[in-house]
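Visitor: As you go down the protein sequences, you meet chains A, B, C, D and E in turn.
If you count the first sequence from 1, position 166 lands on 172 in our numbering, and the numbers rise without skipping.
If you count the second sequence from 1, position 59 lands on 60 in our numbering, and the numbers rise without skipping.
If you count the third sequence from 1, position 58 lands on 131 in our numbering, and the numbers rise without skipping.
If you count the fourth sequence from 1, position 143 lands on 752 in our numbering, and the numbers rise without skipping.
If you count the fifth sequence from 1, position 100 lands on 452 in our numbering, and the numbers rise without skipping.
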Amino acid sequence: MESYLIAIGTVALIYALLAIGLNLQYGFIGMVNFGHVAFFAIGAYTSALLSIEGVPIFIGMLAGAVLAALSALPLSMLSARLSDDYLAIVTLGFSETIRIVIQEENWLTGGIQGLPGIPSLFSSMSFGPTGLMTLIAISACVACVYYAIRHLTRSPYGRLIQAIRDNEAAVQSLGKNTSWLKIQVFMLGAALAGIAGGFYAHFMSYLSAEQFVPLVTFYVWVAVIIGGVGRMSGAMIGSLLLIAFLEGSRFARDILPGVAEVEMASVRLGLIGLALILCTIYFPDGIMGKKRT
Amino acid sequence: QASSGTFRIGALNSITGSGSSYGVGMQKIIIAMAERINALGGAGGRKLEVFAEDDQTKPEAGVLAAKKLLDVNKVGAILGTFSSGVTLAVMPLTDAADAILMNTSGAPSISERNTKGFSWRFEATNDRYGRAFAQAAKNNGFERPATMAFNNASGLSNTQGFKEAWEAAGGKVVQSVVYEPNRPSYRSEVQKIIEAKPDVVVMGSYLQDTTIILREWYQSGYDLRWIMPNWAGNEALIKALGKDVCEGVLTVGTISNEGSPALEDFNTLYQKLTGNPGSTNSYASMCYDMVVVLALAMEAAGPNASSVEINAKIPEVAGADGTVVHSFEEGREKLKSGKISYQGASSKLNFDKRGDASPDFSINIIKNGVIERQSRVQV
Amino acid sequence: MTFISLLNYSLNGLVEGLLIALPALALTLVMGVARFANAATGDYMTVSAYGAVAAQKAIAASASAAMLGALAIGIAVSVLAGWLVFRLLRGRPFVTSLVASIGVALLTRSVLTYFVGHDPQTIEIPLMRAWNYWGIRILPTDIAVAAIALLAMALVFGILYLTPLGREMRAVADNPDLARASGIRANRVWITLWVIVGVLCAFGGVLYGAKAVVVPELGWELLIPAFAAMVAGGVGNPVGAVLAGVLLGVIQELSVPFVGPSYKIAMSFLVLLIVLLFRPRGLFGVSVSTR
Amino acid sequence: MLALNHIHKSFGGFHVLDDVSIHIPPGGLVGVAGTNGAGKSTMFAVACGQIAPGAGTVHFLGEDITQLPPRKRAMKGLGRTFQIPKEFGSLTVLENLLVASPRATGESLYSVYFHPRAIRREERQIRERAEEVLEFLNLAHVAGKLAAGLSGGQKKLLELGRALLLSPSCILLDEPFAGVNPVLIEQLSERILQLNKERNIAFMIIEHHLEALRTLSNDLYIMDQGRVIAHGDPSAVLDNPAVQEAYMGGIV
Amino acid sequence: MLLQVSSLTAGYGGADIIKGISIEVRQGEIVTIAGTNGAGKSTLSKSIVGLVPKVSGSILLNGRDLLKVSPENRSALGLGYVPQVSNVFGSLNVLDNLKVVRNVKDKPRKIQEMIALFPPLGAKLKLPAQTLSGGERQMLAVARALMSDPTLVILDEPTAALSPSLVEQVFRLVARLPEQGVAVLMVEQRARQALSISHRGYILDQGSVVLSGTSEGLLSDSRMAQLYLGRH
Ligand SMILES: Nc1ncnc2c1ncn2[C@@H]1O[C@H](COP(=O)(O)OP(=O)(O)OP(=O)(O)O)[C@@H](O)[C@H]1O
Ligand SMILES: Nc1ncnc2c1ncn2[C@@H]1O[C@H](COP(=O)(O)OP(=O)(O)OP(=O)(O)O)[C@@H](O)[C@H]1O
Ligand SMILES: [Mg+2]
Ligand SMILES: [Mg+2]
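1. Any idea which residues DSSP pairs Ala-150(B) with across the strands?
2. Note down, in chain order, every chain D residue with its Cβ under 9 Å from the Cβ of Tyr-580(E).
3. Note the first and the last residue of the continuous alpha helix (DSSP H) segment covering Pro-230(B).
4. Note down the Cα distance separating Ile-278(A) from Gly-155(C), rounded to an integer number of angstroms.
5. Taking only three categories from DSSP, how would you classify Phe-623(D)?
6. Using beta carbons (cut-off 8 Å, strictly below), is Gln-2(B) in contact with chain C?
7. Show which residues of chain C have a CB atom less than 7 Å away from the CB atom of Pro-185(B).
8. Using a Cβ-Cβ cutoff of 9 Å, what residues of the segment 93-124 of chain A are near chain B? List them in chain order.
9. Between Gln-607(D) and ligand 3, is the CB less than 7 Å from at least one heavy atom?
10. By Cβ distance, which residues of its chain are closer than 7 Å to Ala-133(B), with the 5 residues on each side in sequence left out?
11. The beta strand (DSSP E) with Lys-368(B) in it runs from where to where?
12. Under 6 Å Cβ to Cβ from Ser-132(A), same chain only, skipping five residues before and after it: list those, please.
13. Taking Cβ-Cβ distances below 8 Å as the criterion, which residues of the segment 244-260 of chain C are in contact with chain E?
14. Go ahead and pull the three-state DSSP assignment for Lys-48(B).
15. What alpha helix (DSSP H) runs, 4 residues minimum, are completely inside the segment 224-248 of chain C?
16. Among the residues of its own chain, which have a CB less than 8 Å from the CB of Gly-134(A), if the five just before and after it don't count?
17. Compare the C-beta of Thr-388(E) with all C-beta atoms of chain D and state if any pair is closer than 8 Å.
18. Ligand 3 and Asp-783(D): does any heavy atom of the ligand fall closer than 7 Å to the residue's C-beta?
19. Helix, strand or coil for Ala-53(B) per DSSP?
20. Can you confirm whether the segment 76-85 of chain C touches the segment 252-261 of chain C when touching is taken to mean that 3 or more C-beta pairs between the two stretches lie within less than 8 Å?
21. May I ask you to check if the CB of Ser-650(D) is nearer than 7 Å to at least one heavy atom of ligand 3?
22. With the cut-off set at 8 Å, would you say Gly-131(B) and Gln-161(B) are in Cβ contact?
23. Would you decide whether Gly-339(B) is buried or exposed? Buried here means 16 or more other CB atoms lie within 10 Å of its CB.
24. Checking contacts by CB at 8 Å: is Ser-341(C) closer than that to chain B?
25. Counting only Cβ-Cβ distances shorter than 7 Å, please list the residues of the segment 426-447 of chain E near chain D, keeping chain order.
26. Could you spell out where the alpha helix (DSSP H) holding Val-72(A) opens and where it closes?
27. Does the beta-carbon distance from Ser-1(B) to Asp-266(B) come in below 8 Å?
28. At a Cβ threshold of 8 Å, is Val-452(E) touching chain C?
29. Just confirm the distance between the C-beta atoms of Leu-537(E) and Met-499(E), as a whole number of angstroms; I'd bet it's less than 8 Å.
30. Name the DSSP beta bridge partners of Thr-82(B), please?
31. Do the segment 342-355 of chain C and the segment 301-317 of chain C touch if we need at least three Cβ pairs shorter than 8 Å?
32. Rounded to a whole number of angstroms, what is the C-alpha to C-alpha distance between Leu-24(A) and Ile-801(D)?
33. Taking a cut of 9 Å between CB atoms, which residues from the segment 639-665 of chain D lie near chain A?
34. Taking the CB atoms as reference points, tell me whether Phe-382(B) and Met-299(B) lie closer together than 8 Å.
35. Given Ala-709(D), which residues of its chain have a CB within under 7 Å of its CB, disregarding the five upstream and five downstream residues?
36. Expressed to the nearest angstrom, what Euclidean distance is found between the alpha-carbon atoms of Val-235(A) and Ser-21(B)?
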């Protein structure tokens, strides 16, 4: 049981990292990123490939974050020209393209066969269970990121990016470089997704293109929105709830004895759907509520 | 790990996602077979308790489900992983937990990674499929084959295996198209194939996409023959498309162990559980065998054996040598007097050193809506 | 690569584009009136397709039976979800309703698979050989598909731009409060919207199901291309959605001989990107002035 | 200081600006009035870069800024308000003003983490100024309220407040007094005059309040149908019969 | 009594914005509401139309309790409304903005009438309303409210952003409305001008009526003028 909980906790924290990044992009500066999974994938594959080549995992993960951020650069430059829905589709397209590239470019990514045998964090250490150590490492990372980003959002910088979300033209006419700020924030969010990808790769030990479908992006959105847009704690709570739902519904069978095993998959899906609907209806501002009134 | 009265097993199947058309039947069979073993008094003095999970045909979901099965439900064996991605991702977990993993995946790399010997593959590897395809093409006198593959590990390696075998024999493949899943139409893909003027197309495909592709092709009016795996070219395909479209389609499959009582038994059971003939889901027959093999190994290992001990007995109950048996009851009897060789519904099994079953293949042809055996090959 | 074969590829693209245009139209209408991207659109199509299968089994294996079944189910599900869920979310931010619509999508699919399972089903249509004109292959069924798709779209345009109800829909979309103060009954407008969405999805579901096979993920997979068409055409612009759907379809299929079927999806996004670079508000979007 | 030279702009064949030339001398107070739809707001948008002119040039401080984006113009000291207020709805009223304040360090990612003390110091100063402006605009009692929940008039005041904080050398005000209580208008006018005198800030003000224009401007342009139809000393211009005919419908 | 609002309390979820206001409008009367910014004038008018989430007290129109009538049905009871902000359907063209109004008897004639009233609109019938200038929007909004021949029209700052000649025109138009059987409740910052054509007026401050009476009375109260009306 413990190691299952550890696994779920790890996945939840990976999603928390993703959600913090997306929340920064959407909740604070208002950029609609529907391709978050692309940066996740870039981080995952970079770190995995480097570590397979023998590069220390820590460096690999860092490289993954940097590469994810760099790949976000051209997209965010575009976003100076595009508004919400349009940026949404461009990022979505980007993530699908990345997925297809991963799938097609055998020589690099193992293509459709996937990339097995990725070393896990701390696998070379002789003490302590790997799973627990991974959980501790990612917890520490999430805590650092959480406080660093919270500090940012509470600074004048954070105020400014929220003003951009409310009305970009007005901020421009105040003489602020909104495009540059958007680029910064977008890259920062992508870097966080890249780090999440690194943790994911070493946790799963196997990567394939089918793990990076748009559904992952949707899940992160769900986490952000259920938790509360523009709230730091919202991203955290949202991810924990999301994973609790996705995984917790596995146990629904124990309370629903009359349901056949194959019908259970349907019931699970339905429970998740129902939860999403009820959450959005009854918690208009997310579980964590509004920031202020 | 296993409490004395029961042995816990996980049925990890693709209930949703692209494998769902097989996974549902596979899971039903596992559950039904476990019940049957229990009704017979259990195996090795223990009842089987099944925990069913859905891997959504996705590695990530598969890993989480497997972790739940291993850590929460404390299962000693996971049965029925289907997609190679899931099997490859779950394997390190079962290895770490000393749990048995029985799969129906085709990727050759599974054998290489099976270092601890806990993984058992009931399906032929993809490259063997490819060789069987090549045999079918040669037997029927085709000269200009083209390939079409569903873009996943299984689809690609099947056609890749074909290509290698065909070219090794000096032939040439005139066109290779890889197509994406879940498209409304594959007309452009079919057109690309047709423009190369092949006489036969070798498919690495599933039922769903094959239905669409054959319909597109038929309507185009171009004269062409097809070779495809039997999980795509089966009764369901004929039902969906009608016999005109399917006329002359060649299908290749591992030989279910026909004539064997196990297969007959499976067919009746499957028909009863799902309403469809057993031949529409050869993976389900593999799952049928998984439960029997596991139960026999438990029987052989004796009461309260650990999963490691049970695992060690698998070659002794389903290896190449020993008294041939066709069912759990029979096996349980014969075990008392030495080694047995369970010959299953899906194949004779006869696991090799790397844990792979090596079934024979049959080449079939669809004539007037009926699937007929053309020949039987060993590759 | 001959001209004829390019023409054939374009024809394939045209038909695929028209199929995408139906859900794209439904998406863009909801986007225009209710201001969110309805992720359940695809699943409305899926249940409609199953409705068609059921009707064929229950009534007769004819096209009209299929259509009838699809319409009944499609409209029912769309209106029900609109009334029970989206009505309560009016005025909420774009993404909140989007998440709720993902919930609706999952719930719909779960109820569906609970009762009908995961096996692929087929909608029975007579198979016909293609007409061949100098190597240009035209499928009679494709002509039917195109005709029905165009008919459905014409219907929507008629309602939207030629009837008072359409005007009211656009008014509610624009400014709900002012609409209420002008005596426009929002509920009526909303139900109309969901009926139209249901009709479009029903048509889409049947045509798609007849061309491909009916599986629980049928519509969900169409969501992204439909979304792309909606955006490329200029969000909330029905004409744009249809034209962009067709354009993307044609480009996608035309790129098959050059980049292969895998990268063709990426190709259509590339084109989308180029469109948006030169027309940041989509092909037919209008820009709003700054005052 | 700010000069628009022979600006043309049309939307789909409809001439909104037709050879408009307007000049603001340093420290000047220029009023702009004119019929509704004459193109006044469009002229502002051209001056500040939100809309590119069809023809003509914009010069600021002797430099051609026609091609510069809005942000760069603002950085050079050209501030504006919008006719329809563009408040930052999810920020409080006070924060709206804090965002508007020009600052050195607080908006750089680097210094957020590495110069927290400098930011705090800067923040204190800015806040003082912002609170003073709020007091003056009668908004102090709603300082902590989200700007989205302000009344129409309050939003206009907030818009003005942001421009006042900018400390630019030239501010363009688009109907700052529309919907503002008359008593407040008088106070605001005084403040603008004071800023103009003490800090030598140049103003261009679009207004329909003729009394306000009389007191506020020393140079008045009247626009009609995309053209400047009169220009000069406010009283003289307003007494011009052509202006009265076009703009005031014969009444004063 | 045409409109009778008694001890109305209203707000947006937080603290009450309007605290127990009572006002009335008689048949054929023009009533002006003036007051400082943020006093609650718009909130009062929105409550009557039904666009404020939290309302208590009573609002009677021709004796019918409006709080029991949904907002969309209030226009059928003879209520017209011009909001202070976003007062047109920006994405609809000018003509559709007029056509979309419900409860209009003879639409084509009424539209002709409105165009005659506001000639600048006539030239822009096919343009989306969001491209109109501030003043043109204001005209369109008033025209839209008058389409349904209301018995009471509520105008929230109808002359803000209008040029002097149009201000004059609007006031003249308003002054004539009672002859056509339309009573007017008007929020105005140009309070002196507004009161000069009104019968009565109310002055609001911080959610309460601080002064009310006939126009003449209010205009001659010099202290109030100092505080609320300004010099002009
Ligand atoms: N994008 C556009 N397309 C078409 N016409 C436009 C567009 N933007 C503005 N116009 C037209 O340009 C004219 C001038 O508008 P502008 O807002 O500059 O007027 P204004 O002088 O500020 O009027 P007001 O005093 O009423 O605010 C208006 O008639 C308007 O209809
Ligand atoms: N949507 C809203 N949510 C929360 N508070 C609001 C909202 N709208 C207005 N308020 C608050 O209610 C008070 C009264 O606003 P209202 O709009 O009624 O003022 P007003 O008298 O019309 O002012 P003005 O003359 O500036 O238009 C203000 O303090 C304002 O901040
Ligand atoms: Mg203007
Ligand atoms: Mg107001």
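Built from N, CA and C at the ideal position, the CB exists for glycine as well.
Guide: In brief:
1. Val-179(B), Gly-205(B)
2. Asn-790, Pro-791, Val-792
3. It is not in any alpha helix (DSSP H) - Pro-230(B) instead sits in the beta strand (DSSP E) that spans 226-230.
4. Going by the C-alpha atoms only, they are around 19 Å apart.
5. strand
6. Only weak support exists for where Gln-2(B) lies, its pLDDT of 41 falling under 50; the value from the coordinates is given anyway. With its beta carbon at least 8 Å from every one in chain C, Gln-2(B) lies outside the interface.
7. Glu-89, Leu-92, Tyr-281, Lys-284, Ala-285
8. Ile-106, Gln-109, Glu-110, Gly-117, Ile-118, Gln-119, Gly-120, Pro-122, Gly-123
9. Lying before the first or after the last residue shown, residue 607(D) is absent from chain D, which here runs from 610 to 861.
10. Val-253, Phe-362, Val-378, Val-380
11. 362-368
12. Note that Ser-132(A) has pLDDT 42, beneath the 50 cutoff, so the model's placement of it is unreliable and the number below is only indicative. Hits under 6 Å: none found.
13. Ala-244, Ala-246, Asp-247, Asn-248, Asp-250, Leu-251, Ala-252, Arg-253, Ala-254, Ser-255, Gly-256, Ile-257, Arg-258, Ala-259
14. strand
15. Restricting attention to alpha helix (DSSP H) runs no shorter than 4 residues, the segment 224-248 of chain C encloses them at 237-247, ordered along the chain.
16. Note that Gly-134(A) scores a pLDDT of 49, beneath 50, so its modelled location is shaky; the value from the coordinates is reported in the next line. For Gly-134(A), where only same-chain residues beyond five positions count, the Cβ hits under 8 Å are Phe-128.
17. Closer than 8 Å: yes.
18. Yes, ligand 3 has a heavy atom inside 7 Å of this Cβ.
19. strand
20. no
21. yes
22. Less than 8 Å divides the Cβ of Gly-131(B) from the Cβ of Gln-161(B).
23. exposed
24. Answer no: the Cβ-Cβ gap between Ser-341(C) and chain B never drops below 8 Å.
25. Listed by position along the chain: Gln-436, Val-437.
26. 63-85
27. Outside the shown range of chain B, which is 2 to 380, sits residue 1(B), and nothing can be said about it.
28. yes
29. Contact flag wrong, Cβ pair sits at about 18 Å.
30. Asn-104(B)
31. Yes: the two stretches touch, three or more of their Cβ pairs being nearer than 8 Å.
32. 49 Å
33. Cys-657, Gly-658, Gln-659
34. This structure gives no information on residue 382(B), because the portion of chain B shown stretches from 2 to 380.
35. Arg-771, Leu-774, Leu-775
36. 35 Å
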